[in-house]
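First to last, the sequence lines map onto chains R and Z.
The first sequence lines up with residues 1 to 312 when you count with UniProt numbering.
The second sequence lines up with residues 1 to 176 when you count with UniProt numbering.
Note that CB positions come from ideal geometry on N, CA and C, so glycine has one too.
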Amino acid sequence: MDVLERYESLVDDFDAFRAACERPLPSVVRVNTLKTTVERARDALEESDIAHEPVGWHDGLFALPEDQPGTNWPYVLGWIHGQEEVSAVPAEVLDPEPGERVWDACAAPGSKTTQLAALMDDRGLLVATDNNLGRISALRSNAERAGATNVAVTHEDARNHSLKPFRGPDSDEGTEGAPYDRALVDVPCSCEGTIRKNPDALDDWELDHVEGISGVQKGVLRRAIQTTREGGTVVYSTCTFAPEENEAVLDHALAEESCELVEFDLPLESAPGVTEWQGERFDDSVERAKRIYPHHNDTGGFFCAKLEVTAE
Amino acid sequence: MSDDPESGSTRDNDGTRFDRLPATADERVVEGRPTREEVLDWWAERFGVPPEAFDGHTFWERGSGKIWAFADDVASPVAIEGLGLAFLRTRREHWKPTLEAVQRFGDAADDCVVHLSREEAAAFVAGDDQELDWDGDWGYLIVTTDVAGEPEPVGVGLYVHGELRSQVPKGRRREL
Chain R
1 MDVLERYESL VDDFDAFRAA CERPLPSVVR VNTLKTTVER ARDALEESDI AHEPVGWHDG
61 LFALPEDQPG TNWPYVLGWI HGQEEVSAVP AEVLDPEPGE RVWDACAAPG SKTTQLAALM
121 DDRGLLVATD NNLGRISALR SNAERAGATN VAVTHEDARN HSLKPFRGPD SDEGTEGAPY
181 DRALVDVPCS CEGTIRKNPD ALDDWELDHV EGISGVQKGV LRRAIQTTRE GGTVVYSTCT
241 FAPEENEAVL DHALAEESCE LVEFDLPLES APGVTEWQGE RFDDSVERAK RIYPHHNDTG
301 GFFCAKLEVT AE
Chain Z
1 MSDDPESGST RDNDGTRFDR LPATADERVV EGRPTREEVL DWWAERFGVP PEAFDGHTFW
61 ERGSGKIWAF ADDVASPVAI EGLGLAFLRT RREHWKPTLE AVQRFGDAAD DCVVHLSREE
121 AAAFVAGDDQ ELDWDGDWGY LIVTTDVAGE PEPVGVGLYV HGELRSQVPK GRRREL
């Protein structure tokens with residue numbers, strides 16, 4: 001079946017959307033400010049004769065129209081990290097501050113983790129969780145190449161995440177660590193939005209898979225809300241267009257946990273979350289989420305929502 | 001707390017978890033475990049990196065002599081997959097910093113630092129050993145090269161018998 005066709009009723013200018021999905025994306029790198037400045041990274045790219053263009057909305061992102069990251073001096077020094085432009089959105093929306101306690105619930109391979117560490121100026125605690133040891137090895141390698149020293153890596157199912165390892169230095173055995181100030185829930189998804197990077201992304205698409213994975217997404221988002229303090233922030237994101245994995249997951253969290261969706265600014269064009277899909281009606285506040293379509297900013301597809309944890 | 005002094009008894013290192021290094025030798029409980037004081041002294045004596053460069057970091061051992069630097073502090077021990085940056089190997093004849101530690105903290109070094117031309121540095125990053133004149137100490141050196149107009153720490157080399165041996169781990173080698 002043609003997967004994208006199911007979204008025709010949601011997308012403005014569906015032909016432009018389709019056309020954008022068929023165009024490849026350039027490689028994009030993010031400057032790692034734990035090790036250098038944007039200016040020096042730009043100088044190093046120039047010195048290595050690597051063509052680079054600013055992406056406009058984010059100072060630290062450069063498109064490399066002719067190159068792959070990996071075999072140049074700024075990469076070897078850990079000054080740049082390959083990361084798709086739109087994938088830099090959720091960490092910016094989470095906006096963590098130095099010294100806070102932050103959880104990256106589905107962290108591997110670590111692009112967003114290293115971005116969060118840089119936003120925290122490498123201070124505070126950044127817990128990065130993944131349930132797959134192979135991907136954890138990539139996560140650790142990327143965090144170390146970035147020079148991050150505030151990242152604690154855990155191997156577990158995020159739905160059952162434990163705060164126990166992160167007790168204060170003088171606390172007794174058995175007690176829980178303090179709740180998080182912020183959590184990033186960038187869940188595994190059906191990846192429809194990555195079609196421009198990976199033209200095979202939709203080959204194995206099945207509705208069963210979408211419905212199954214949405215159960216996991218709900219579990220991870222709920223655990224993130226439970227482990228974040230009252231007044232704290234949770235950002236939920238996917239790289240898919242499927243409302244089953246986006247608004248339906250938010251709707252579930254709003255019904256089951258103490259939280260609300262909040263407005264946020266984004267320097268990219270986007271569409272609001274949808275309140276209705278195939279006969280199902282969602283909480284009106286899911287409109288505060290943002291859908292980023294490939295034809296809006298010439299990026300990959302993305303979905304991002306910001307939640308505040310409220311009193312029970 | 002695992003770092004509490006226990007009169008007269010010593011324990012073996014449990015390599016499966018992170019244990020905070022004791023502040024000084026008086027507080028050492030686990031045999032052979034380096035202290036925070038020793039780690040700071042080593043960086044200062046070998047490379048001239050002042051102890052202040054590590055202010056705010058706690059140090060942890062996991063595995064045999066693998067020391068990690070962590071920007072925060074939590075109750076010890078911690079049984080997880082990673083805690084900060086793996087930055088030093090001890091429990092061997094000569095302590096050895098990791099490439100990541102040198103790239104992150106090596107800016108502050110002014111001793112046992114060898115500066116290479118861009119071509120020499122490229123050979124070093126590719127994993128090649130090279131003949132080199134060096135009139136300082138033998139052993140592990142911080143290798144730097146100029147990038148964007150300033151010397152930058154690239155990694156760790158082992159200098160012996162007129163030769164600088166690249167210690168860049170296989171997974172970090174690149175043909176530049």
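Beta-carbon of Z:E6 versus every beta-carbon of chain R: anything under 8 angstroms? Confidence at Z:E6 is low in this model, with a pLDDT of 45, below 50, so the placement of that residue is unreliable and no value is reported for it.
Chain-ordered neighbours of Z:L83 on chain R, where CB pairs are closer than 8 angstroms: A152 and V153
Report the option in R:E312, R:C304, R:Q278 and R:L307 whose CA atom is closest to the CA atom of R:Y7. R:Q278
Rounded to the nearest angstrom, what separates R:N72 and Z:R165 at their Cα positions? 21 angstroms
Distance cutoff 8 angstroms, beta carbons only. Does R:A224 sit that close to anything in chain Z? no
Should Z:F70 be flagged as near chain R, meaning a C-beta pair shorter than 8 angstroms? yes
Proximity to R:E269 [Cα-Cα], best of R:P294, R:R281 and R:A248: R:P294
I'd like to know whether the C-beta atoms of residue 187 of chain Z and Z:R20 end up nearer to each other than 8 angstroms. A question about residue 187 of chain Z goes unanswered here, because the residues of chain Z that appear run from 1 up to 176.
Under 8 angstroms from the C-beta of Z:D128: neighbouring residues of chain R: What Z:D128 touches in chain R: nothing, since even the nearest Cβ is about 14 angstroms away.
Name the DSSP beta bridge partners of R:Y75, please? None, per the DSSP bridge assignment.
Z:Q167, buried or exposed, once every other Cβ within 10 Å from all chains shown has been counted against 16: buried
Give the range of the alpha helix (DSSP H) segment to which R:D43 is assigned. V38 to E47
Anticipated Cβ contact below 8 angstroms, R:R145 with R:I80, distance rounded: Not confirmed; about 10 angstroms, so no contact.
If we count the other Cβ atoms within 10 Å of its Cβ and call it buried at 16 or more, is R:D130 buried or exposed? buried
The beta strand (DSSP E) spanning Z:W68 covers which residue range? K66 to F70
Which listed residue (R:V93, R:D59, R:F17 and R:A63) has its alpha carbon closest to that of R:D265: R:V93
So, for R:S258: in the same chain, excluding its five sequence neighbours on each side, which residues have a beta-carbon less than 6 angstroms away from its beta-carbon? T310 and E312
Just by C-beta distance, which residues in the segment 102-135 of chain R are closer than 7 angstroms to chain Z? D122, R123, G124 and L125
Is DSSP giving R:F282 helix, strand or coil here? coil
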